[in-house]
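Participant:
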Amino acid sequence: MNGMLLSEKLILNVAERYLLRLSGFDLDRIATFDQVYQELQESVFIHLCSLVEITDFSDKAYAETIVPADKLNTLREKIDTYYCDMDQKARTTFWSILSVMLWEDSHQYLCDIQYEKRFKDPILGEAFKAIDDFCNT
Numbered sequence: 000m001n002g003m004l005l006s007e008k009l010i011l012n013v014a015e016r017y018l019l020r021l022s023g024f025d026l027d028r029i030a031t032f033d034q035v036y037q038e039l040q041e042s043v044f045i046h047l048c049s050l051v052e053i054t055d056f057s058d059k060a061y062a063e064t065i066v067p068a069d070k071l072n073t074l075r076e077k078i079d080t081y082y083c084d085m086d087q088k089a090r091t092t093f094w095s096i097l098s099v100m101l102w103e104d105s106h107q108y109l110c111d112i113q114y115e116k117r118f119k120d121p122i123l124g125e126a127f128k129a130i131d132d133f134c135n136t
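136 is the number that numbering that gives the first Met the number 0 gives the last residue of the sequence shown; the numbers go up by one with no jumps.
1) Would you tell me roughly how many angstroms separate the C-alpha atoms of residue 20 and residue 7, rounded to the nearest one?
2) What runs of the beta strand (DSSP E), each 3 residues or longer, lie entirely inside the stretch 0-49?
3) Please report the distance separating the alpha-carbon of residue 14 from that of residue 81.
4) Return yes when the Cβ of residue 77 is within less than 8 angstroms of the Cβ of residue 42, no when it is not.
5) Could you say which of 48, 136, 79 and 9 lies nearest to residue 114 if we only look at CA atoms?
6) Going by alpha carbons, who is nearest to residue 16 out of 95, 44, 60 and 46?
Structure (structure tokens):
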């Protein structure tokens, strides 16, 4: 899992900081959400590890599979609770940015999981390892 905190990611992303500032979000308070976001990321990662195999890669089905709607609803509820004193526009902008970040992280986790599964294949695992070793030298 990614070791970077949410607040660190948002500090590095100028465009997201700009959008949050325009929406009226208090950037100084982002760090208060680091732990909540990390717990949600871990929850999604556990969910991804429990999936057997994803076969439907259509946009909606894939998105719902790797980040279920209940996780996004939980995210919205937590943001509304933590930042209830902020304008709805600011909270919605924050939720939108975090939803995309969560989806991107989840997509990367899934790719990493599938990449790792190649090496455990009983028939082709050794061949995949040899190819990977050759490419990394």
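Ideal placement from N, C-alpha and C gives every residue a C-beta, glycine not left out.
Facilitator: A quick look at the data gives this:
1) 16 angstroms
2) none
3) 23 angstroms
4) no
5) 48
6) 95
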